[in-house]
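The opening position of the sequence shown corresponds to residue 0 in numbering that gives the first Met the number 0, with each subsequent residue numbered one higher. The beta carbon of each residue, even a glycine, is placed where N, CA and C say it ideally should be. Every value quoted in this text rests on a predicted model; they were computed, and no experiment measured them.
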Amino acid sequence: MLKLIVETKTLVQSLGFASSVVEKRNVIPEYANIKLSAKDGNLELSSTNMDLYLSQKIAVQVVSEGELTVSTKTLHDIVRKLPDSELILTDLGTTGLEIKGKNCKFNLFTLPVSSFPPMDSINPEAGFKISCTDFAKIIESTKFSISLDETRYNLNGVYLHIKDKEFYSASTDGHRLSISWVTLEKHIKNFGVILPQKSAEEILKIVKDPKNINEDIEILLSSNKIKFICNENTIMLSKLIDGTFPNYSAFIPESSSSKLVINRKIFADSIERIAIITVEKFRAVKLSLSRETLEISAVGEARGNAKEVINSSQDKESFYEYNSDEPLAIGFNPQYLEDVLKAVKSDLVELYFSDVSAPVLIKFPENPKDIFVVMPVKV
């Protein structure tokens, strides 16, 4: 039966990833548990929520091979509260899993391994490798505009698709559109899948982990599943959303009548300050643009009003340039602008306007493979 020795700090991180996968209010006991399998000097940790399956391997000292399942949350809560030290995990059979740490001991109830579901197989129709850094970039640049409206299920994820040698991630909630892409080393057959929001968030945590960020991730695609293999020791399999993502290219403005170029940080900070005065029921900030100044203002019901002025400047640290002699006043949900401005770390940001009711194209000159579209609001 299972017996192993492991460092607390080694175990706690993997349990964190596993705990994040498991649904917090799982009514099926088997899916609330984590499967522990000790073999060949490794501990494999398997967790699932029925739509998403995560398998992780960590190096441990295996005293005796074996496997069991135990409550994911309880095990994680215990281990993360323990000081850094060696832990001894022992399967005591009918009396459960014993966890021995420095000056403490726990016994946890277990369930039979036979009740834990295996990872589904996948018959990939396309596959490729990409750096974890690049993959993290396209997911992070698009995940914030995923629709939360469950009736529009085809928008409840990021649209991962390949066109020629470009690998794209896109999302929209009907009010804004985010697109980010990277160039692959090899030509892959064109393919498109919708990765659910939960799966996108979980794989993002994994690829951003310091031990993975400089590695490659292998992605295998089929019509209903996607498999991620990271650093050979971490495998994530996810179901896909069965739906058709809209042809988003039709929503990208092809022309504009005016253009704003501004220091991203100054713009973001100003919007965040002015947005404090707005209320949830009607969140809107007004941008009043002229060649000389940008005025950002808002009126909050029962709160008051606010205004901030940014002057024209060619200095990189405070850059502001508006290229039209025609003043423009246009409104936005401040959160939509803030999300875009936080998604891309660039010195400058460009906004392309047509009129006060038309969608606005947002680009970053230092990051040409990230584009965003935001709908204005009436003010």
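What are the boundary residues of the alpha helix (DSSP H) that residue i is part of?
i    : result
D338 : 333–342
G15  : 7–20
K75  : The displayed chain sequence assigns His, not Lys, to residue 75. 71–80 is the extent of the alpha helix (DSSP H) around H75.
T132 : 131–139
I270 : 263–274
Buried or exposed for residue i, going by 16 or more other Cβ atoms inside 10 Å?
i    : result
G92  : exposed
I212 : exposed
G173 : exposed
R24  : exposed
S114 : exposed
G40  : exposed
N48  : buried
K362 : buried
P195 : buried
E263 : The residue you asked about is not Glu; residue 263 is Arg in the sequence shown. Counting Cβ neighbours within 10 Å, R263 comes out buried, since at least 16 surround it.
I27  : exposed
A37  : buried
I251 : exposed
D133 : buried
L147 : exposed
S296 : buried
T68  : buried
S256 : exposed
T94  : exposed
K424 : Past the edges of the chain, shown from 0 to 378, lies residue 424, and the structure says nothing about it.
G303 : exposed
At what residues does the beta strand (DSSP E) containing residue i begin and finish?
i    : result
K207 : First-last for K207: 196–207, but that is the alpha helix (DSSP H), not the beta strand (DSSP E).
A37  : 32–38
K362 : 359–362
A305 : 303–310
T47  : 41–47
E294 : 292–299
Q403 : Nothing can be reported for residue 403: it is not among the residues displayed for the chain, which extend from 0 to 378.
I212 : First-last for I212: undefined, no H or E at that position.
Y351 : 347–352
Report the CB separation of residue i from residue j in whole angstroms; it is logged as a contact under 8 Å.
i    : j    : result
Q55  : F16  : 6 Å
I33  : L74  : 7 Å
V355 : I329 : 5 Å
M118 : L236 : 6 Å
T141 : S179 : 5 Å
R175 : V372 : 6 Å
S168 : I138 : 6 Å
F244 : A283 : That belief does not hold up - the Cβ atoms of F244 and A283 are roughly 29 Å apart, past 8 Å.
Quickly, what does DSSP pair residue i with across the bridge? List them, please.
i    : result
G100 : C103
M235 : L53, F227
K162 : E165
Y321 : L259
T171 : L176
P68  : For the record, residue 68 in the displayed sequence is Thr; it is not Pro. The partner list for T68 (beta bridge, DSSP) reads K34, L110.
K185 : Answer is none; K185 lacks a bridge partner.
E217 : K128, I228
L91  : Paired residue(s): none; L91 is not in a bridge.
F143 : For F143, which the question treats as bridged, DSSP gives no partner whatsoever.
G191 : H160
A328 : S287
I370 : I178, K362
I4   : Q60, I87
F281 : V278
V376 : G330
Does the segment 186–193 touch the segment 119–136, meaning 3 or more C-beta pairs lie closer than 8 Å? yes
On the three-pair Cβ rule with 8 Å, is the segment 174–184 touching the segment 215–227? no
Quick check: the segment 333–351 against the segment 224–233, are there 3 or more CB pairs under 8 Å? no
When you compare the segment 288–308 with the segment 338–345, are there three or more beta-carbon pairs, one atom per stretch, that lie closer than 8 Å? The answer is no - the segment 338–345 does not touch the segment 288–308, with fewer than three Cβ pairs under 8 Å.
Would you say the segment 268–281 touches the segment 311–320, given that touching needs at least three Cβ pairs under 8 Å? Contact fails: fewer than three Cβ-Cβ distances are below 8 Å.
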